[in-house]
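*Asks:* The numbering of the sequence shown is the numbering used here, which starts it at 863 and goes up by one. Where is the CB? At the ideal position from N, CA and C, for every residue including glycine. Right, I'll just put the structure down here and ask away after.
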Amino acid sequence: MSGNRELGLIGLVVAGSVLIAGCTSLGSVQNQALGTGIGAALGCGVGALITGDARGCATGAAVGALVGFGTVAISQYSAKQVRTANADARVYGITTPPRTPQVKIRQGSTAPRSAAPGQQVNIVTDYSVALPRGVSQTTVSESWVLMKDGKQVAVLPTKSATRTAGGWESDAEITIPPNAEPGTYVIEHRVKAGTSYDSDESTFVVHA
863 MSGNRELGLI GLVVAGSVLI AGCTSLGSVQ NQALGTGIGA ALGCGVGALI TGDARGCATG
923 AAVGALVGFG TVAISQYSAK QVRTANADAR VYGITTPPRT PQVKIRQGST APRSAAPGQQ
983 VNIVTDYSVA LPRGVSQTTV SESWVLMKDG KQVAVLPTKS ATRTAGGWES DAEITIPPNA
1043 EPGTYVIEHR VKAGTSYDSD ESTFVVHA
C-alpha cells in the first residue's frame, strides 16, 4: 500500500468514526438507518483503498454495513414501580436497611424471542432498589449491551432516573436494523446505583 493510500485509509476511518459517533449521540430511529448507510459507505471506501478496485468497494461495503448496527436506538422507553419496599427486602435477603444504596436485577428478558429485521424487540429489566435508613431515593442508571457470537455489536443509550426503594421494571424498545445478521443475540442488562452494580442476560433470535 502506498503512503498516499495509507493516509487516505486513516482519514476515511477517522471521518467515518466521527459520523457514526454523531449518529449514536442523536439516538433516533432515523439515525439508525443513516448509520447503516454510513457504515456501508465507510466499508466501501476502506475496501477500495485496500484493493484499489471496485471489488474492494463491494467487499468493504458488506463488512462496513455491520457498523450501522452500532447506531441502534431506543425507540420507546418506560419504567414503573412493581413492588413495595417491604417486598423488596425479601429479594435482597436482608432484614435491615443497607449502609449504601443497593440494586439487584431479578430478571432480564426480551419479547418476542424471535424477530425479523425491521421488527421491534422489547427489552425488559426487572430489578430491585434497597436504600439506607433515612434515604428516600437514589439515582439509578440502566444500560444494555448487545452481543453476538461473543462480540459487542451495540451499546444502547444509558437511562438514568431517581428511584425510591422497591422493585422497578424498565421497558426499552429497539428496532432490528434492516442489515442485521441472522442468528442469536445476547442482551446484557445492567443497573447501577453508586458503587452497587448488577447484570443479567437475555437472548433473542433474528431470522431472515
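(1) Can you list, in chain order, the residues of its chain whose CB lies under 6 Å from that of Gln892, leaving out five sequence neighbours each side?
(2) What's the C-alpha gap between Ala902 and Val934?
(3) Is it right to say Arg1025 is buried, meaning 16 or more other beta carbons lie within 10 angstroms of its own, or is it exposed?
(4) In chain order, which beta strand (DSSP E) runs of at least 3 residues are fully inside the segment 950-1025?
(5) Could you give the C-beta distance for Ala1042 and Val1068, rounded to a whole number, given that I count them as a contact under 8 Å?
(6) To the nearest angstrom, report how far apart Tyr1059 and Thr1046 are at their CA atoms.
(7) Counting only the same chain and skipping the five closest in sequence on each side, list residues whose C-beta sits under 6 Å from that of Gly1029.
(8) Please classify Ala941: does DSSP put it in a helix, a strand, or coil?
(9) Please state if the CB of Lys1021 and the CB of Glu1035 are separated by a distance shorter than 8 Å.
(10) Would Gly970 and Ile1049 be called neighbours here (beta carbons separated by less than 8 Å)?
(11) If you draw a straight line from the alpha carbon of Ala992 to that of Tyr939, how long is it in whole angstroms?
(12) In the DSSP assignment, the beta strand (DSSP E) including Thr1046 goes from what residue to what residue?
(13) Between which two residues does the beta strand (DSSP E) containing Ile1036 stretch?
(14) When you compare only the Cα positions, how much space is there between Gln964 and Arg995?
(15) How many angstroms separate the CA atom of His1051 from the CA atom of Arg968?
(16) Just to confirm before moving on: does the CB-CB distance between Glu1031 and Ala941 stay below 8 Å?
*Replies:* Here's the rundown:
(1) Here residue 892 refers to the residue found at position 30 of the sequence shown. Caution is warranted here: a pLDDT of 41 is assigned to Gln892, below 50, making its placement in the model unreliable, and the coordinate value is therefore given only provisionally. Result list for Gln892: empty, nothing under 6 Å.
(2) Translated into the one-based positions of the sequence shown, residue 902 becomes position 40. Translated into the one-based positions of the sequence shown, residue 934 becomes position 72. The predicted position of Ala902 is uncertain, since its pLDDT is 42 and thus under 50; a value taken from the coordinates is nonetheless stated next. C-alpha separation (whole angstroms): 15 Å.
(3) Taking the sequence shown and counting its residues from 1, one reaches residue 1025 at position 163. That one is buried.
(4) 964-973, 982-992, 1000-1010, 1013-1017 and 1021-1025
(5) Taking the first residue of the sequence shown as position 1, residue 1042 is located at position 180. Taking the first residue of the sequence shown as position 1, residue 1068 is located at position 206. Their Cβ separation, rounded to whole angstroms, is 5 Å, which keeps Ala1042 and Val1068 in contact under 8 Å.
(6) As a working mapping, residue 1059 is identified with position 197 in the sequence shown. As a working mapping, residue 1046 is identified with position 184 in the sequence shown. Tyr1059 and Thr1046: Cα-Cα distance of roughly 26 Å.
(7) Looking up residue 1029 in the sequence shown gives position 167. Val944, Arg945, Asp950 and Ser990.
(8) As a position in the sequence shown, residue 941 is number 79, starting the count at 1. Here Ala941 sits in strand by DSSP.
(9) Against the sequence shown, residue 1035 aligns to sequence position 173. Against the sequence shown, residue 1021 aligns to sequence position 159. Not in contact: Glu1035 and Lys1021 (Cβ atoms no closer than 8 Å).
(10) Taking the first residue of the sequence shown as position 1, residue 970 is located at position 108. Taking the first residue of the sequence shown as position 1, residue 1049 is located at position 187. Yes.
(11) Taking the first residue of the sequence shown as position 1, residue 992 is located at position 130. Taking the first residue of the sequence shown as position 1, residue 939 is located at position 77. The alpha-carbon atoms of Ala992 and Tyr939 are separated by roughly 23 Å.
(12) Numbered from its first residue, the sequence shown carries residue 1046 at position 184. First-last of the beta strand (DSSP E) with Thr1046: Gly1045 to Ala1055.
(13) Locating residue 1036 in the sequence shown gives position 174, counting from the first residue. From DSSP, the beta strand (DSSP E) with Ile1036 extends over Gly1028 to Thr1037.
(14) Start at 1 with the first residue of the sequence shown, and residue 964 comes out as number 102. Start at 1 with the first residue of the sequence shown, and residue 995 comes out as number 133. Whole-angstrom Cα-Cα distance: 12 Å.
(15) Along the sequence shown, one-based indexing puts residue 1051 at 189. Along the sequence shown, one-based indexing puts residue 968 at 106. In a straight line, the C-alpha of His1051 is about 11 Å away from that of Arg968.
(16) Counting from one through the sequence shown, the residue named residue 1031 turns up at place 169. Counting from one through the sequence shown, the residue named residue 941 turns up at place 79. It is a contact, given that the beta carbons lie within the stated cut-off.
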